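Residue numbers (this note's numbering): -5 to 81.
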């Protein structure tokens, strides 16, 4: 009977396989939650900085978004360079 239950599949040979799988699932859920949070912030900016908003609000939104895009572009290109360097 024990022989019938013994799986020879490589993923079950290591005792930490289940832990790694659970960790990946949790990381994926956390990533998805953060993407949804980012979308909510972007929606809020769209709601606030729409036609008819004050010039001050528009100026602040433009400056903030411009700075954010510039920063994220640098971080993104830096991460891409590091990835290619490690390959």
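We put the CB at the ideal spot given by N, CA and C, even for glycine. These numbers come from a predicted model, not from an experiment.
Where residue 11 is concerned, the enclosing alpha helix (DSSP H) starts and stops at 11 to 42. Your pair residue 39 and residue 55 checks out as a contact, with CB atoms roughly 6 Å apart and the cut at 8 Å. Residue 45 sits in coil when the DSSP states are folded into three classes, being neither helix nor strand.
Closest by C-alpha distance to residue 35, out of 71, 62 and 74, is 62.
Note that the C-beta distance between residue 43 and residue 52 is below 7 Å.
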